[in-house]
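S.K.: Before anything else, here's the structure in question.
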Amino acid sequence: MALVHTPGKATDSLGIALIIAGVVLLAMLTLYLVGFDQGAVSRTGMYMHELMHDGRHLLGLPCH
């Protein structure tokens, strides 16, 4: 006789909620780095700004 475990719907919805929260957090971090960072992340100056410079222009975000 074999026992089969099927997770409940609460476990499934919790997993989906955690994945969605992770994706939203990653998207917000990416938006900050590309759109709004003016050298605060990189302590050596404008490294992150210059790295994401073309991405800003592609998205239509002002950076000058």
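The sequence shown runs 4 to 67 under this note's numbering. We put the beta carbon where it would ideally sit given N, CA and C, even for glycine.
1. I'd like to check one pair, L62 with V37: are the Cβ atoms closer than 8 Å?
2. Determine the burial state of M31: buried for a count of at least 16 other Cβ atoms within 10 Å of its Cβ, exposed for fewer.
3. To the nearest angstrom, how far is the alpha carbon of V26 from that of L34?
M.R.: Working from what's here:
1. Walking along the sequence shown from the start, residue 37 turns up at place 34. Walking along the sequence shown from the start, residue 62 turns up at place 59. The criterion of a C-beta distance shorter than 8 Å is satisfied by V37 and L62.
2. Your numbering for residue 31 matches position 28 in the sequence shown. Exposed is the call here.
3. For the purposes of this step, residue 26 is taken as residue 23 along the sequence shown, with counting starting at 1. For the purposes of this step, residue 34 is taken as residue 31 along the sequence shown, with counting starting at 1. If I take the Cα positions, the gap works out to 12 Å.
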